[in-house]
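Input: a single structure, listed below in structure tokens.
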Ligand SMILES: Cc1cc2nc3c(=O)[nH]c(=O)nc-3n(C[C@H](O)[C@H](O)[C@H](O)COP(=O)(O)O)c2cc1C
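Residue numbers (my numbering): 1 to 121.
Right under this line is the structure:
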């Protein structure tokens, strides 16, 4: 699998920080031929390359959503990337995106996703 997606980092609705899982978000074209879901990825940002956990999709668990976005959690990065252009290379599909009934269920699944990716590094 080899897919590179470039875009400018835009603001999310900041739930990621409350989840303890900050992400850099970029808008994604509807026509992008990649399944919605979680991926292991590599991201070029802030002058270097980062391993990352990515969610691509519409965040069906979050009210008022609907637009397709790519959210990348850069492992080891702390800071702010708003307004910068990043390049995301999708390396491996981990699981499809789904709807969670509670914030807690979403949070624990995201923690699992991060572990799954970390084990592969
Ligand atoms: C690794 C990862 C997996 C995710 N999986 C899902 C998912 O399966 N379903 C979903 O609705 N949202 C999923 N999300 C999106 C979260 O709902 C979203 O990151 C959170 O609501 C924060 O959004 P915000 O940055 O717009 O505040 C995932 C996010 C990450 C980082």
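Glycine included, each C-beta is placed from N, C-alpha and C at the ideal position.
Membership of residue 93 in the beta strand (DSSP E) is indicated by the continuous run 85-96.
Contact annotation, residue 83 with residue 8: C-beta distance approximately 7 Å; criterion of less than 8 Å satisfied. Residue pairing by DSSP places residue 116 in no beta bridge whatsoever. Burial of residue 41 is indicated by the presence of at least 16 other C-beta atoms within 10 angstroms of its C-beta. One thing to note: residue 54 has its Cβ no nearer than 8 Å to the Cβ of residue 28.
For residue 56, the CB stays at least 7 Å from every heavy atom of ligand 1. Only residues of its own chain outside the window of five on either side were considered, and among them 37 have a CB closer than 6 Å to the CB of residue 96, listed in chain order.
Per DSSP, the unbroken beta strand (DSSP E) holding residue 39 starts and ends at 37-45. Closer than 7 Å to some heavy atom of ligand 1: that describes the Cβ of residue 23.
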